[in-house]
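Residue numbers (our numbering): 177 to 228.
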């Protein structure tokens, strides 16, 4: 499932200034790690997570 989620969030957040490298679950299952190049605004990240 995390591969699907990573693909969905790339569709909503990748741009000419931001590139998602990986989105993967934490080992403790309490959240996700998101590795990226660039610095998106917090609002952009929150919107992308909700849409994904």
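Glycine included, C-beta positions come from ideal geometry on N, C-alpha and C. Computed from a predicted model, the values in this text were never measured in an experiment.
Taking the alpha-carbon of residue 181 as reference, which of 218, 216, 197 has the nearest alpha-carbon?
The shortest C-alpha to C-alpha distance from residue 181 to any of 218, 216, 197 is the one to 197.
Terminal residues of the continuous alpha helix (DSSP H) containing residue 221?
Its alpha helix (DSSP H) spans residues 218-227.
Grab me the residues of residue 195's own chain with a C-beta within less than 7 Å of its C-beta, minus the 5 sequence neighbours each way, in chain order.
For residue 195, where only same-chain residues beyond five positions count, the Cβ hits under 7 Å are 212, 213, 214.
Which of the three DSSP states, helix, strand or coil, is assigned to residue 189?
helix
Given a cut-off of 7 Å on the beta-carbon distance, is the pair residue 189 and residue 224 in contact?
yes
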